[in-house]
Structures are given as C-alpha cells and as structure tokens.
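First comes the structure, then the notes that go with it.
There are 2 protein chains.
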Amino acid sequence: MMVPDETDALPKVVGCLCPDPRAMREEVMPCDLRSEEETRAFLQQQAARVIAAPDRVISQDGAAERRCFRVTEGIVRLVQFYADGNRQVTRFAFPGDYFGLSRAERELTAEAVSQVTLLEFDVGRLQQLSDCNPYLARQLTSALRANVSEATEHVALLGRKDPRERLAVFLRMLHRQVGLGDVVPVRMPRTDIADFIGLTPETVSRAFAELRRRNILEDLDRHLVRLDLSGLGRLADGRG
Amino acid sequence: MMVPDETDALPKVVGCLCPDPRAMREEVMPCDLRSEEETRAFLQQQAARVIAAPDRVISQDGAAERRCFRVTEGIVRLVQFYADGNRQVTRFAFPGDYFGLSRAERELTAEAVSQVTLLEFDVGRLQQLSDCNPYLARQLTSALRANVSEATEHVALLGRKDPRERLAVFLRMLHRQVGLGDVVPVRMPRTDIADFIGLTPETVSRAFAELRRRNILEDLDRHLVRLDLSGLGRLADGRG
DNA sequence: CGCGCGCTTGACTAACTTCAAAGATGGTGG
DNA sequence: CCACCATCTTTGAAGTTAGTCAAGCGCGCG
Numbered sequence: 014m015m016v017p018d019e020t021d022a023l024p025k026v027v028g029c030l031c032p033d034p035r036a037m038r039e040e041v042m043p044c045d046l047r048s049e050e051e052t053r054a055f056l057q058q059q060a061a062r063v064i065a066a067p068d069r070v071i072s073q074d075g076a077a078e079r080r081c082f083r084v085t086e087g088i089v090r091l092v093q094f095y096a097d098g099n100r101q102v103t104r105f106a107f108p109g110d111y112f113g114l115s116r117a118e119r120e121l122t123a124e125a126v127s128q129v130t131l132l133e134f135d136v137g138r139l140q141q142l143s144d145c146n147p148y149l150a151r152q153l154t155s156a157l158r159a160n161v162s163e164a165t166e167h168v169a170l171l172g173r174k175d176p177r178e179r180l181a182v183f184l185r186m187l188h189r190q191v192g193l194g195d196v197v198p199v200r201m202p203r204t205d206i207a208d209f210i211g212l213t214p215e216t217v218s219r220a221f222a223e224l225r226r227r228n229i230l231e232d233l234d235r236h237l238v239r240l241d242l243s244g245l246g247r248l249a250d251g252r253g
Numbered sequence: 014m015m016v017p018d019e020t021d022a023l024p025k026v027v028g029c030l031c032p033d034p035r036a037m038r039e040e041v042m043p044c045d046l047r048s049e050e051e052t053r054a055f056l057q058q059q060a061a062r063v064i065a066a067p068d069r070v071i072s073q074d075g076a077a078e079r080r081c082f083r084v085t086e087g088i089v090r091l092v093q094f095y096a097d098g099n100r101q102v103t104r105f106a107f108p109g110d111y112f113g114l115s116r117a118e119r120e121l122t123a124e125a126v127s128q129v130t131l132l133e134f135d136v137g138r139l140q141q142l143s144d145c146n147p148y149l150a151r152q153l154t155s156a157l158r159a160n161v162s163e164a165t166e167h168v169a170l171l172g173r174k175d176p177r178e179r180l181a182v183f184l185r186m187l188h189r190q191v192g193l194g195d196v197v198p199v200r201m202p203r204t205d206i207a208d209f210i211g212l213t214p215e216t217v218s219r220a221f222a223e224l225r226r227r228n229i230l231e232d233l234d235r236h237l238v239r240l241d242l243s244g245l246g247r248l249a250d251g252r253g
C-alpha cells in the first residue's frame, strides 16, 4: 500500500534542538541525559511494552502509521502480502533490532515468529529526542545502517543465486545474528525461510538436503544446526 | 568481501558533542551552523569533488574503507561482482542520493552509469559533524531511511515476481526518482537493468516488449519512455 | 495412541536462461 | 554527408532449473 504523502524525505527541523531546550521544561529533557545508560532508561519510559504469541500480528500493513518497535525477546518477521496470496518475508528482526524506522517497513505487516516481547515508540517522537541526544541519535543511525547492510545482503541473496547459495547466505546471516560458535538456532518454519529467500518450501527442503549431503550442515535438533562455516562461506560467495 | 571488524554496530560517542565544542576552536564549528543552507555550504568545503566518465569505477570493492559519496549529477550503480562473472546491481544512485553510508554499501563497487559528478566525504567525519548539527543529522538519517525503503522495495521486487512485474516495479521506482509527469528517462543499459532486477538482458527485453504490447509503456526516444502509471501500478502490485 | 501439521521426496510441467543470429543505433572517418 | 563498424537490443529455438502437484514420513500434541 503506497502512502505518497508520507516519505522518508528530509523533514524540517522543528521542536527540540540542542541549544534551545526551553520549551518543555516540566519533564526530564533528553538533552540532560549524559550517558547511554540514562538514555536507555529514559527510552524505556517513553515506550509501550508489547507482547505477542507466535503467528500473531504485531502491526498490520501500514495501519500503525507512526509506530516503530524494538525487539526485546523472540523473533519478528516483516511480511509483504500480495493479491495472489504470495508472501515476501522482507526481514527477520531479532532481540535488539529496531523495525519500522523507515516508511517502507511501516507499510509491511509485522508478525511474531516465536513468543515475542517488544518496546513500541512513536517514530516522530524518537526523531525529536534524537535531535538533542547524540547517544540516541547514534543508536538510531546505527540501527538504520545495519538495516541497510542487511537489506543490501538480502538483495544480493535474491538476485543471482541458486537455491543452495541462497540458503547458504541466509544461514550465514542467521549465524551472524544469533549464532553461538558454529551452532545456529533456526527457529522459523521452512515456509518463512522460503518466503525470505524467494523459493518454495519444497526447494528449501531440497537445498537443506544438499547442504547436509555436502557436510556443510548437520542437524543437532529440530531447530538447531551445526555449520561448517568455511564451507558455508564458500558456497554463499558462489565459490562452492 | 567481509570485513568483520568494521560493523554498523553502535560506535562510542567521542569527539564533538553538542555541549562541549571547545576542542577544535580554530575552525568553523558545525555546532555554529544555524540553518540548512549554512550546513550545506559547510559540507561542500568538507568534501572532495569527484568526476567520473561512463563505466568508470568510482570506488572499488571496499577499498575505499571510510569514504561515502553524494551524487551531484548523473547516475551511479552499486555493483556486487561474483566469482563466476555474474553481477548484482544493488542500487542506482541519482542526484541528491548518498551512498556508502553503511558498511555493506562500502563493500560494493561504485561505477558511473553516465557522466557523473560527486562529493566525497569521510564517513566518520560526517558522523562526528552530525553529532553537533541536527540539520546534518536529519539529512543523514533521512538518507538512510530512504535507503532502507528502497532496499525493502528492491527485495520485494526480487523475491516473488515474474519478469513483467519486476520491470514494472523497477520502472515505478525510476519514475519516483527521476520521473517527469508520466515520462521517465531510462538512461542505463539493459544489462544494468537486468542485473538490478535479477534477470538476463534477453528476458528484460521480452518484458519491455510485453509492456509495450499492453500499452503500459511507449518509447519516446532511445532513453525516454512514457508510462501508463495506473496500469504500471497494477502490474507492479501483482494485480495486472 | 492417533491425529495433524510441517517437512521431505518424487515425477512432471512451466518458465527463465542459454545459445544463436539478425536488427537498430550511434559514433567515426573517409 | 554518407558509409561502416562496434555495441546494444531484439527475436527465435533449445535446454535447465525451480515450481507444481502429489504422496509419504516424522515429530509433537491432544
């Protein structure tokens, strides 16, 4: 759903600027915060806590115009639904990740993959706060940069790779975000992986089989795999 | 190419913070800038001017570790090269766009599509400046948000769409960025479009033919097309 | 213990890529 | 000014690969 009026374009700087914080003196000013810890604590107060059970919708299709979230626990998937019933999983958000910072992400549907807890913010408010607090400002730009990096890698994954390579890149991303040594918990179902890497669940299953056969992947448990990281990297980079 | 040490993670806030700009008093402080215009002018001074002829490399494969750019004129493509000779065009940058703000983008190769002029910055320096100048800070976060939105749309394009739909989404993106009414200049060659939307040049050509046949697209000139925007939108959204 | 859901595997089909060649286009030099 | 050449684009035919349809398996839950 397009919302042409709401863009990511440069907004006018209004409200709380650093040198001029007199307007809202009755509350604790973000300008007064002198450390990351204080900033974090202050943010907690600004946020609403949200809990969602697996497969529940957290925010729907742009209905939450101005809300963004920070994942505290669990995994969230951001999904684009198409008229023909197809889905595109655009992103998985893990603990610590923000989502909804950009317009395009707010137009997606956010669903809980696992049991999830979140903090919910108003984007505009967050932006205002970050004008006068460099700690928050850096946290937001950092989140956005990570977001761009991930999306860039996702694009590379989807563009010109065969199923094995796609799965390899996906598992490498997963490893980077939630890996413990060479062990990675794979909590999302095959259908979510399929809609993330642009394949059908059947093809994903075959790709898993192929990685097992090549001894790049070994199942430790239903939702836990051990990876040969160098082999995985070679495959992911198209040198496997 | 992975550079594990250089991440998009939250950096420590050091150097120029708003309330404490005493350290570097001999030069004009960004904190002193009171408007977007002054900020823009100041930035110009901070930047190196770069010119590149069509198909010339602007920055290679992460060699420019800390440099980012702002396009002044022309079109830039950000490309990922694979061992097998394949390419993925990750992004086209148009006048006004920044690129290289995130780690992943700096690891790509930037090439001129057309004759190009750019401003070149040091990312860290830009970050520092933005700590004390909310105008610049907003410009950067705005650029990053736009970046995320575009990448998100690109992912949706690549995931679950047939060639006609991919081309439709691409043309809609192009229209949004450089369109004039229902006319859009398409300056990049078919091979670049192909590597952007994850198809071969032949398939792109066939997709163009299909759009022409459906009267969604009409050639005005070699590099200029007129679009039926509503038809294009339907097709792009999978309702065509 | 049995049912349901998700994952896996197999056979067939459809779609995109590949390979090949002809048709435009623009730039250069005679 | 026109002809020629290199490059890019379009079109056609054959080949691969992932999608589709269908059935079987296994794990977890009631």
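Chains B and R supply the protein sequences, listed in that same order.
Under the numbering used here, the letters of the first sequence match residues 14 to 253, in that order.
Under the numbering used here, the letters of the second sequence match residues 14 to 253, in that order.
Beta carbons: idealized from backbone N, C-alpha and C, even for Gly.
Handout entry: Proximity below 9 angstroms, CB of Leu180(B) to CB of Phe134(B)
Key = For the purposes of this step, residue 180(B) is taken as residue 167 along the first sequence, with counting starting at 1. For the purposes of this step, residue 134(B) is taken as residue 121 along the first sequence, with counting starting at 1. Taking the C-beta atoms as reference points, Phe134(B) is found no nearer than 9 angstroms to Leu180(B).
Handout entry: Beta-carbon proximity of Gln128(B) to Gly87(B), cut-off 9 angstroms
Key = Counted from its first residue, the first sequence places residue 128(B) at position 115. Counted from its first residue, the first sequence places residue 87(B) at position 74. Cβ atoms of Gln128(B) and Gly87(B): closer than 9 angstroms.
Problem - First and last residue of the uninterrupted alpha helix (DSSP H) at Phe107(B) - result: Locating residue 107(B) in the first sequence gives position 94, counting from the first residue. Counting along the chain, Phe107(B) falls outside any alpha helix (DSSP H), and DSSP gives it neither H nor E.
Practice task
Within 10 angstroms of the Cβ of Asn2(B), are there 16 or more other Cβ atoms? Answer buried if so, exposed if not.
Solution key: In the structure as shown, chain B begins at 14 and stops at 253. Residue 2(B) is therefore absent and cannot be evaluated.
Handout entry: Contiguous alpha helix (DSSP H) assignments of at least 4 residues, all confined to the region 43-70 of chain B
Key = Correct list: 49-59.
Exercise for the section: Going by CA-CA distance only, name the one from Thr122(R), Glu231(R), Leu153(R) that's closest to Ala76(R). Expected result: To locate residue 76(R), count along the second sequence from 1; it is residue 63. Selected option, being the one with the closest Cα: Thr122(R).
Problem - Pro198(R): first and last residue of the uninterrupted beta strand (DSSP E) it sits in - result: In the second sequence, the residue the question calls residue 198(R) occupies position 185. Where Pro198(R) is concerned, the enclosing beta strand (DSSP E) stretches over 196-198.
Practice task
Return no unless some Cβ of chain B is closer than 9 angstroms to the Cβ of Val168(R).
Solution key: Walking along the second sequence from the start, residue 168(R) turns up at place 155. Judged by the 9 angstroms Cβ criterion, Val168(R) is in contact with chain B.
Handout entry: Stretch pair the region 217-232 of chain B + the region 192-209 of chain B: three plus CB contacts closer than 8 angstroms
Key = In short, these stretches touch, since the Cβ pair count reaches three.
Handout entry: Residues within the region 107-119 of chain B neighbouring chain R, beta-carbon criterion of under 7 angstroms
Key = Correct list: Leu114, Ser115, Arg116, Ala117, Glu118.
Problem - chain R contacts from the region 57-83 of chain B (Cβ-Cβ distance under 9 angstroms) - result: Residues passing the 9 angstroms Cβ filter: none.
Exercise for the section: Quick one: list the residues of chain R neighbouring Arg158(B), beta-carbon separation under 8 angstroms, in chain order. Expected result: The residue you call residue 158(B) lines up with position 145 of the first sequence. Taking a Cβ-Cβ threshold of 8 angstroms, the residues of chain R close to Arg158(B) are Asp21, Leu114, Ser115, Arg116, Leu157, in chain order.
Problem - Residue-level contact to chain B via CB, Ala96(R), 9 angstroms cutoff - result: Here the question's residue 96(R) lines up with position 83 in the second sequence. Nearest CB-CB separation between Ala96(R) and chain B: below the 9 angstroms threshold.
Problem - Partner residues on chain B for Ser162(R), Cβ-Cβ distance less than 7 angstroms - result: Reading the second sequence from its first residue, position 149 is the one you call residue 162(R). Here the neighbours are Asp21, Ser115, Arg116, Ala117.
Exercise for the section: Return the CA-CA distance between Met37(R) and Ala61(B), expressed in angstroms with no decimal places. Expected result: Against the second sequence, residue 37(R) aligns to sequence position 24. Against the first sequence, residue 61(B) aligns to sequence position 48. At Met37(R) the pLDDT is 39, less than 50, meaning the model places this residue with poor confidence and gives no usable figure here.
Problem - Residue range of the unbroken alpha helix (DSSP H) whose run includes Thr130(R) - result: As a first step, residue 130(R) must be located in the second sequence, where it is residue number 117. Bounds of any alpha helix (DSSP H) do not take in Thr130(R); it lies within the beta strand (DSSP E) bounded by 129-135.
Exercise for the section: Classify Leu233(B) as buried or exposed, calling it buried when 16 or more other Cβ atoms lie within 10 Å of its own Cβ. Expected result: Within the first sequence, residue 233(B) is the residue found at index 220, counting from 1. Label assigned to Leu233(B): exposed.
Exercise for the section: Determine the direct distance from the alpha carbon of Arg177(R) to that of Glu256(R), and round the result to whole angstroms. Expected result: The question about residue 256(R) has no answer here: the residues shown for chain R are numbered 14 through 253.
Practice task
Pick helix, strand or coil for Val217(R), following the three-state DSSP scheme.
Solution key: Residue mapping note: residue 217(R) aligns to position 204 of the second sequence, counting from 1. DSSP places Val217(R) in helix when its eight states are reduced to three.
Handout entry: Cβ pair count under 8 angstroms reaching 3, the region 131-148 of chain R against the region 93-100 of chain B
Key = As far as the Cβ criterion goes, the region 131-148 of chain R does not touch the region 93-100 of chain B, which means the pair count is below three.
Handout entry: Span separating the alpha-carbon of Ile229(R) from that of Val84(R)
Key = Position 216 of the second sequence holds residue 229(R). Position 71 of the second sequence holds residue 84(R). Distance between the alpha carbons of Ile229(R) and Val84(R) is about 30 angstroms.
Practice task
Determine, using beta carbons only, whether Gln58(B) and Leu142(B) come nearer to each other than 9 angstroms.
Solution key: Stepping through the first sequence from its first residue, residue 58(B) is reached at position 45. Stepping through the first sequence from its first residue, residue 142(B) is reached at position 129. Not in contact: Gln58(B) and Leu142(B) (Cβ atoms no closer than 9 angstroms).
Exercise for the section: Evaluate contact between the region 97-111 of chain R and the region 148-155 of chain B, counting only Cβ atoms and requiring at least three cross-stretch pairs below 8 angstroms. Expected result: With the cut-off at 8 angstroms, the region 97-111 of chain R and the region 148-155 of chain B do not touch.
Practice task
Would you mind reading off the limits of the beta strand (DSSP E) that contains Ile232(B)?
Solution key: In the first sequence, residue 232(B) corresponds to position 219, counting from 1. Correcting the residue identity first, residue 232(B) is Asp in this sequence and not Ile. Counting along the chain, Asp232(B) sits inside the beta strand (DSSP E) bounded by residues 230-234.
Handout entry: 6 angstroms Cβ shell around Phe209(B) - same chain, five flanking residues per side excluded
Key = Residue mapping note: residue 209(B) aligns to position 196 of the first sequence, counting from 1. Shown here for Phe209(B): same chain residues with a beta carbon closer than 6 angstroms to its own, the five before and five after excluded, namely Val102 in chain order.
Exercise for the section: With distances taken Cα to Cα, identify the nearest neighbour of Asp74(B) among Ser48(B), Arg116(B), Asp110(B). Expected result: Within the first sequence, the letter at position 61 stands for residue 74(B). With distances taken between Cα atoms, Asp74(B) lies closest to Arg116(B).
Exercise for the section: Tell me Ser155(R)'s beta-bridge partners as DSSP assigns them. Expected result: By one-based count along the second sequence, residue 155(R) stands at place 142. Ser155(R) pairs with nothing; no bridge assigned.
Handout entry: Straight-line gap, Val182(B) to Glu50(R) (C-alpha atoms, nearest Å)
Key = To locate residue 182(B), count along the first sequence from 1; it is residue 169. To locate residue 50(R), count along the second sequence from 1; it is residue 37. It is roughly 43 angstroms from the alpha-carbon of Val182(B) to the alpha-carbon of Glu50(R).
Practice task
Could you check which residue in Leu184(B), Ala65(B), Arg239(B) has the C-alpha nearest to that of Glu124(B)?
Solution key: Working through the first sequence from its first residue, we reach residue 124(B) at position 111. It is Ala65(B) whose Cα lies nearest to the Cα of Glu124(B).
Handout entry: Proximal residues of chain R, C-beta to C-beta of Gln101(B) below 8 angstroms
Key = To locate residue 101(B), count along the first sequence from 1; it is residue 88. At a C-beta separation below 8 angstroms, Gln101(B) has these neighbours in chain R: Val168, Ala169, Gly172, Arg173.
Exercise for the section: With a threshold of 16 other CB atoms inside 10 Å of the CB of Ser48(B), please say whether the residue is buried or exposed. Expected result: Position 35 of the first sequence, counted from the start, is the residue given in the question as residue 48(B). Its Cβ having fewer than 16 others within 10 Å, Ser48(B) is exposed.
Practice task
Using a Cβ-Cβ cut-off of less than 7 angstroms, list which residues of the region 140-154 of chain R approach chain B; keep chain order.
Solution key: For the region 140-154 of chain R, which is checked against every Cβ of chain B, the residues closer than 7 angstroms are Asp144, Pro147, Tyr148, Ala150, Arg151, Gln152, Leu153, Thr154.
Practice task
Give the interface partners of Asp135(B) over in chain R, defined as CB-CB distance under 9 angstroms, in chain order.
Solution key: Indexing the first sequence from 1 puts residue 135(B) at position 122. Simply none; closest approach about 15 angstroms.
Practice task
Give me the Cα-Cα distance between Phe82(B) and Asp110(B), rounded to the nearest whole angstrom.
Solution key: The count along the first sequence starts at 1 and reaches residue 82(B) at position 69. The count along the first sequence starts at 1 and reaches residue 110(B) at position 97. So the alpha carbons of these two residues sit roughly 8 angstroms apart.
Problem - Interface flag, Arg104(B) vs chain R, CB-CB below 9 angstroms - result: Within the first sequence, the letter at position 91 stands for residue 104(B). Interface residue (Cβ-Cβ distance to chain R less than 9 angstroms): Arg104(B) is classified as such.
Practice task
Please compile the residues from chain R whose C-beta is within a distance smaller than 7 angstroms of the C-beta of Gln190(B).
Solution key: Your numbering for residue 190(B) matches position 177 in the first sequence. Neighbours of Gln190(B) in chain R, taken as residues whose beta carbon is under 7 angstroms from its own, are absent, since the nearest beta carbon is some 12 angstroms off.
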